[in-house]
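2 protein chains.
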Amino acid sequence: MYTDNKNKHIPKISIQRLAVYLQVLESLDVDGVEVITSEPLAKACDVNASQIRKDLTYFGEFGVRGVGYNVKSLMASISEALGINREWPTVLVGAGNLGRSLVGHNGFKQTRFKIVGVFDCDPFKIGEEIAGLEVVCTQRLKEKIADLKVEIGIIATPPERAQRAANHLVSAGIKGILNFAPARIFVPTYVNVEYVDYFHYLYSLAFQITHDKR
Amino acid sequence: MYTDNKNKHIPKISIQRLAVYLQVLESLDVDGVEVITSEPLAKACDVNASQIRKDLTYFGEFGVRGVGYNVKSLMASISEALGINREWPTVLVGAGNLGRSLVGHNGFKQTRFKIVGVFDCDPFKIGEEIAGLEVVCTQRLKEKIADLKVEIGIIATPPERAQRAANHLVSAGIKGILNFAPARIFVPTYVNVEYVDYFHYLYSLAFQITHDKR
Numbered sequence: 001m002y003t004d005n006k007n008k009h010i011p012k013i014s015i016q017r018l019a020v021y022l023q024v025l026e027s028l029d030v031d032g033v034e035v036i037t038s039e040p041l042a043k044a045c046d047v048n049a050s051q052i053r054k055d056l057t058y059f060g061e062f063g064v065r066g067v068g069y070n071v072k073s074l075m076a077s078i079s080e081a082l083g084i085n086r087e088w089p090t091v092l093v094g095a096g097n098l099g100r101s102l103v104g105h106n107g108f109k110q111t112r113f114k115i116v117g118v119f120d121c122d123p124f125k126i127g128e129e130i131a132g133l134e135v136v137c138t139q140r141l142k143e144k145i146a147d148l149k150v151e152i153g154i155i156a157t158p159p160e161r162a163q164r165a166a167n168h169l170v171s172a173g174i175k176g177i178l179n180f181a182p183a184r185i186f187v188p189t190y191v192n193v194e195y196v197d198y199f200h201y202l203y204s205l206a207f208q209i210t211h212d213k214r
Numbered sequence: 001m002y003t004d005n006k007n008k009h010i011p012k013i014s015i016q017r018l019a020v021y022l023q024v025l026e027s028l029d030v031d032g033v034e035v036i037t038s039e040p041l042a043k044a045c046d047v048n049a050s051q052i053r054k055d056l057t058y059f060g061e062f063g064v065r066g067v068g069y070n071v072k073s074l075m076a077s078i079s080e081a082l083g084i085n086r087e088w089p090t091v092l093v094g095a096g097n098l099g100r101s102l103v104g105h106n107g108f109k110q111t112r113f114k115i116v117g118v119f120d121c122d123p124f125k126i127g128e129e130i131a132g133l134e135v136v137c138t139q140r141l142k143e144k145i146a147d148l149k150v151e152i153g154i155i156a157t158p159p160e161r162a163q164r165a166a167n168h169l170v171s172a173g174i175k176g177i178l179n180f181a182p183a184r185i186f187v188p189t190y191v192n193v194e195y196v197d198y199f200h201y202l203y204s205l206a207f208q209i210t211h212d213k214r
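The listed protein sequences derive, respectively, from chains A and B.
Letter by letter, the first sequence follows residues 1 to 214 in UniProt numbering.
Letter by letter, the second sequence follows residues 1 to 214 in UniProt numbering.
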């Protein structure tokens, strides 16, 4: 079972791996798999088995030696540990091309994260409708967030507007920011920030291709 | 110096960290920092100092005890090791909202990855111009890729078209695919695939916010 105490010092990188495990488990569950041992689970997750076992010890013991993990109960435990066993309404700042593609992203249909508000400061975009959501002036973030009980904000603005978007989100009381803009943002320490940086993946591909040739 | 032998078994996760170190070093370099010890470097990279030292040993020793790492030479070594000390022309399949936002992404101006071709199978998009690139029919990928000496393809199609895009890229001789579509793709083992999944980051934020409250 999830115990708060054990969670105190989980490295961030383990959290990201837990998210991968969860997604793999979800697809196993859809395929009707009920029990899985750490080796095939590790293979499907592209990590080694000892890593999986180690990551899962942060949350207590789930696996039965020689039998494996129960897929559904492991999913439930990881969801609970990650805090995603409930809905997470989020708001999006930036109704440009990236913002539009995010609103339409399948993940928001398939997970418990939902985009419930879209904001932009461009008067030409305000009032427009994107997938059933009306684009609202960024100045109104505070009032809207209070209504919607939102804790996570997504920034999909051009880089030069990212800090202003962050300021609006922070003063509206947001607790976490997912920043797609290729710019560092500065927020109080109680606000969590994650940066989405595609270029890490390109670096990784470049490395693999270069290495394959050698 | 970079030695091929040492690189054989670098875990993928270290490659991603190296990409982070490189970006941090680049911004230190811009700020005029010439030498840095592992502790402040680790802090800027959001990992621990022993992790950095361990990751860098894969590439041989760079740091001088009590002095630190020379920023420029460490950048050069990581770039060489990652294989990004040269241009990487890439092509994009999918000229929708996400594709458009990628073509305009600052990273393609600031790094040595360049989008040199945009493809789509939608007759309404073919012939359109996006940031100076004409959208070309996906059927013509093979001929274009040979001309452009491209090894990396980016998929930004809807999920149901991702596999077809991958097939076109593979038969055109691409070596690596960055897949933004929320769908698994199946390719021969000699083709490297990276998936961009935003939801990992949302999971991580949810965990942090949940944990902060406890």
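Ideal Cβ placement from N, Cα and C applies to all residues, glycine included.
Of all residues in the segment 98 to 120 of chain B, the ones placed with a Cβ closer than 7 Å to any Cβ belonging to chain A are LEU98, ARG100, SER101, HIS105, ASN106, GLY107, THR111 and PHE113, in chain order.
Annotation: ASP147/B is outside any beta strand (DSSP E); the continuous alpha helix (DSSP H) that includes it extends over 141 to 148. For TYR203/B, at least one C-beta of chain A is nearer than 9 Å to its own C-beta.
The contact set of PRO40/B on chain A, defined by CB atoms closer than 9 Å, is empty, because the minimum CB distance reaches about 16 Å.
When DSSP reads this structure, LYS54/B sits in no beta bridge, so it has no partner.
Between ASP197/A and the set VAL191/A, PRO159/A and GLY94/A, the nearest pair of CA atoms involves PRO159/A. When only Cα atoms are considered, CYS121/A and GLY94/A end up about 8 Å apart. One finds nothing in chain A with a Cβ atom closer than 8 Å to the Cβ of GLN163/B; even the nearest lies about 15 Å away.
Here THR111/A is buried: its Cβ has 16 or more other Cβ atoms, across all protein chains shown, within 10 Å. Not a single C-beta of chain A is nearer than 9 Å to the C-beta of TYR58/B. The C-beta of VAL196/A comes closer than 9 Å to at least one C-beta of chain B. Here VAL67/A is exposed: its Cβ has fewer than 16 other Cβ atoms, across all protein chains shown, within 10 Å.
For PRO182/A and ARG65/A, the gap between their C-alpha atoms comes out near 45 Å.
At a C-beta separation below 7 Å, ILE185/B has no neighbours in chain A, since its nearest C-beta there lies roughly 14 Å away. The segment 165 to 184 of chain A and the segment 47 to 57 of chain B do not touch, with fewer than three beta-carbon pairs separated by less than 8 Å.
Contact note: ALA19/B reaches chain A through ASP197, PHE199, HIS200, TYR201, LEU202, TYR203, SER204 and PHE207, using a C-beta cutoff of 9 Å and chain order.
GLU194/B sits in a strand when the DSSP states are folded into three classes.
If you check the CB distance, ILE185/A and ILE152/A do not come in under 9 Å. For GLY176/A, the uninterrupted beta strand (DSSP E) segment begins and ends at 176 to 179. The straight-line gap separating the alpha-carbon atoms of ASN106/B and TYR69/B is approximately 28 Å. LEU92/B and VAL118/B do touch by the CB rule: their CB atoms are close to 5 Å apart, below 8 Å. Residue-level contact check: ALA146/B does not touch chain A, since none of the beta carbons of chain A fall below 9 Å from its beta carbon.
The beta carbons of ALA156/A and PHE180/A sit closer together than 9 Å.
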